[in-house]
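In full-length UniProt numbering, the protein residues as written are 1 to 289.
No residue lacks a Cβ here, since even glycine has one placed at the ideal position from N, Cα and C.
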Amino acid sequence: MPYLLFVTLLWAFSFSLIGEYLAGQVDSYFAVLTRIVIAGLVFLPLTRWRGVPRSFIRGMLLIGALQFGVTYVCLYLSFGVLSVPEVLLFTVLTPLYVTLIEDALRRRFNASALLAALMAVAGAVLIRYDRVGADFYSGFCLLQVANATFAAGQVLYKHLLARHPSDLPQYRRFGYFYLGALAVALPAFLVFGNAARLPSSALQWSVLAWLGMVASGLGLYWWNKGASLVDGGTLAVMNNALVPAGLLVNLLLWNRDADLLRLGLGGAVIAASLLFIRTSPAQGAEARQ
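As structure tokens, then:
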């Protein structure tokens with residue numbers, strides 16, 4: 001939980017930074033590629049290259065391709081047609097994908113986890129259910145692809161670690177993740193990118209550097225590490241804690257309009273969903289497995 005909570009606060013700033021300084025100004029494919037390269041430079045020197053099972057490496061490449069490559073390409077493209085609050089709103093279905101994928105891998109149906117995820121969705125929708133722009137459908141579809149691949153990546157990482165236990169610290173086997181993401185982002189930039197829309201200011205480069213090193217490098221590592229330490233229901237709920245945090249940061253730093261009452265009520269519902277799953281009998285049984 002501490003890892004997930006810390007990264008939630010960290011990522012709350014990322015949405016606003018992308019929306020304010022990069023969206024519509026810097027090519028989306030280049031921005032994602034830059035974040036991957038910078039984050040990879042943080043972890044690749046620490047990566048163990050020998051004695052790691054090939055099946056683990058293949059799994060990490062797939063997880064990186066999904067959770068960082070596909071997710072962030074779709075996320076950045078969505079910022080081109082949606083506002084920051086709309087992007088945050090359309091991520092509310094991520095807990096459902098986490099729950100469904102987790103249950104599918106375990107070949108079971110966990111009603112408590114699904115109910116907690118639905119409570120979290122209700123809380124997030126309560127915060128920011130408003131009229132959306134004309135690009136609703138394209139933005140919504142992009143975000144749902146991003147939500148599904150992000151959910152798949154974190155759930156698969158949790159199961160991959162369980163299948164391949166090791167005495168090595170997790171960061172020594174995490175570099176493969178960024179190589180998988182690079183396999184998606186580099187071809188995407190070469191085919192669809194616009195070289196005329198590279199960063200044009202030191203501020204934009206600084207934002208990309210921060211997002212790459214901190215938000216993507218340390219953030220994705222800590223998030224996945226936290227995901228490996230909690231049950232599927234808690235992980236599903238924590239995916240929606242970013243919504244109130246992101247909206248609050250957007251309000252305080254960029255003075256966006258927000259309904260503080262609905263923000264508080266929605267946050268309370270999300271907190272209640274987290275408490276529900278952590279105290280439910282099904283969660284306790286899973287924790288004892």
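{"Query": "Do you know how far the Cα of Leu96 is from the Cα of Glu286?", "Result": "Its pLDDT being 47, under 50, Glu286 is placed unreliably by the model, and the measurement read from it follows with that caveat. Cα-Cα distance, rounded: 18 Å."}
{"Query": "Would you kindly check if the distance between the Cβ of Ser16 and the Cβ of Asn250 is under 8 Å?", "Result": "yes"}
{"Query": "Looking only at its chain, what residues have a beta carbon closer than 6 Å to the beta carbon of Gly69, apart from the 5 residues adjacent to it on each side?", "Result": "Ala181, Val184, Ala185"}
{"Query": "Are the CB atoms of Thr47 and Arg172 nearer to each other than 8 Å?", "Result": "yes"}
{"Query": "Identify which residue in Met60, Val155, Leu115, Gly24 has its Cα closest to the Cα of Asn194.", "Result": "Gly24"}
{"Query": "Looking at the structure shown, is His164 part of a helix, part of a strand, or coil, going by DSSP?", "Result": "coil"}
{"Query": "Does DSSP put Trp49 in a helix, a strand or coil?", "Result": "coil"}
{"Query": "Counting beta carbon pairs with one atom in the segment 242–249 and one in the segment 79–90, are three or more of them shorter than 8 Å?", "Result": "yes"}
{"Query": "Could you check where the alpha helix (DSSP H) with Gln67 kicks off and where it finishes?", "Result": "Premise fails: Gln67 is in no alpha helix (DSSP H) and is neither H nor E."}
{"Query": "Taking just the CA atoms, how far does Arg108 sit from Arg35?", "Result": "37 Å"}
{"Query": "Let me check understanding here. Comparing Cα to Cα, which of Asn240, Leu265, Leu253 lies closest to Thr8?", "Result": "Asn240"}
{"Query": "Contact between the segment 27–46 and the segment 59–74: three or more CB pairs below 8 Å?", "Result": "yes"}
{"Query": "Thinking just about the alpha-carbon of each residue, which of Thr234, Val98, Gly226, Leu211 is nearest to the one in Tyr72?", "Result": "Leu211"}
{"Query": "Using only alpha-carbon positions, find the residue among Ala188, Ile101, Leu218 that is nearest to Asp231.", "Result": "Ile101"}
{"Query": "Put Ser228 into one of helix, strand or coil per three-state DSSP.", "Result": "coil"}
{"Query": "For Tyr3, count neighbouring C-beta atoms within 10 Å of its own C-beta (all shown protein chains included) and say buried if the count is 16 or more, exposed if not.", "Result": "buried"}
{"Query": "Do Leu220 and Asn147 have their CB atoms nearer than 8 Å?", "Result": "no"}
{"Query": "Report the residue from Lys158, Ala12, Ala196, Val42 whose alpha carbon sits nearest the alpha carbon of Ala209.", "Result": "Val42"}
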